[in-house]
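Asker: Please read through the structure below; I'll follow up with questions.
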Amino acid sequence: MTDLLHPDQTHVATPAFTASEQLATHLQQLSVDLIELHLQGKQAHWNVVGLNFRDLHLQLDEVVDAAREFSDQVAERMRALYVVPDGRSAAVAEQTSLPPFPAGEVNTAECVDLITTAIYGVTATARRIHDDVDAEDPTTADILHVIIERLEQLAWMIDAENRVANRSLPRSIHR
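Per the UniProt record's numbering, the sequence shown runs over residues 1 to 175.
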């Protein structure tokens, strides 16, 4: 045990598992994308206007809550694996893979497309890193499963605002 009164003594932890550099990099990328999603969700929440404003305004709160919860969960998992997350605004701005959200007011239909794109950007990151994460640490991969499931559900629900029955399909689906 470390004697806190004698800081010259070194504490040595012996965890059963610590993250590799690759796992740390993957989790950092997911972390900054989740933080950016939270920020974009708040920007959208404050500045969305137009038809169906209230419904979208409330849905954006759900996105923000999920992104904040998941970013905290990922960062805490990183710490459990002896990785130091970097959630500073400069790191997020430099490292995020999400496209920027515009300044100023945004009409509801455009906001739906923008926030859906951002959500799917985060799930794309989670899916891209999944197999590497799962190969190294299945416990962390379980966290990714929850993130992907919830964010894709939110994206589907929000995207439905702009869909036209039997005529709107995702870009990746071809008839």
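C-beta: ideal position from N, C-alpha, C; glycine also.
Just so it is clear, the structure is predicted and the values come from calculations on it, not from any experiment.
Secondary structure at I173, three-state DSSP: helix, strand or coil?
Answerer: Per-residue confidence for I173 stands at a pLDDT of 49, beneath the threshold of 50, marking its modelled position as unreliable; the derived number appears in the next sentence. Coil at I173, not helix or strand.
Asker: Suppose only complete runs of 4+ residues qualify. What are the alpha helix (DSSP H) ranges in the UniProt domain "Ferritin/DPS" (26-160), listed by chain order?
Answerer: Qualifying alpha helix (DSSP H) stretches, in chain order: 53-80, 89-95, 108-136, 138-159.
Asker: Can you have a look at residue 260 and say buried or exposed, based on whether 16 or more other CB atoms are within 10 angstroms of its CB?
Answerer: The shown model of the chain, from 1 to 175, leaves out residue 260, and the question about it has no answer.
Asker: Output the distance between the C-alpha atoms of L34 and A135, rounded to the nearest integer angstrom.
Answerer: Spanning the two alpha carbons is a distance of roughly 22 Å.
Asker: Using the beta-carbon count (16 or more within 10 Å), is R167 buried or exposed?
Answerer: Exposed.
Asker: Is the CB-CB distance between N47 and V112 below 8 Å?
Answerer: Not in contact: N47 and V112 (Cβ atoms no closer than 8 Å).
Asker: Give me the Cα-Cα distance between L58 and A44, rounded to the nearest whole angstrom.
Answerer: L58 and A44: Cα-Cα distance of roughly 11 Å.
Asker: With 16 as the cutoff for other CB atoms within 10 Å, does residue 185 come out buried or exposed?
Answerer: For the chain, the structure presents residues 1 to 175; residue 185 sits outside this window and is missing.
Asker: Mapping the DSSP letters down to three states, classify A24 as helix, strand or coil.
Answerer: Helix at A24.
Asker: Under the rule that 16 or more other beta-carbon atoms within 10 Å means buried, what is Q28, buried or exposed?
Answerer: Under this definition Q28 is a buried residue.
Asker: Roughly how many angstroms separate the alpha carbons of D65 and K42, rounded to a whole number?
Answerer: In a straight line, the C-alpha of D65 is about 10 Å away from that of K42.
Asker: Does I115 come within less than 8 Å of chain D when only Cβ atoms are used?
Answerer: This model lacks chain D altogether; it includes just one protein chain.
Asker: Taking C-alpha atoms, which residue in E21, Q40, L30, R127 lies nearest to A103?
Answerer: Closest by alpha carbon: Q40.
Asker: Using the Cα positions of H174 and E94, report the straight-line distance between them to the nearest angstrom.
Answerer: Low local confidence applies: a pLDDT of 43 at H174 is under 50, so the model's placement there is unreliable, and no value is given.
Asker: Using the rule of at least 16 other Cβ atoms within 10 Å of the residue's Cβ for burial, across every protein chain shown, is F101 buried or exposed?
Answerer: Its Cβ being crowded by 16 or more others within 10 Å, F101 is buried.
Asker: Return the residue from the list A13, E69, Q9, D132 that minimises the CA-CA distance to A80.
Answerer: Ranking the options by Cα distance to A80, first place goes to A13.
Asker: Whole angstroms is fine: what's the gap from H11's alpha carbon to V83's?
Answerer: H11 and V83: Cα-Cα distance of roughly 17 Å.
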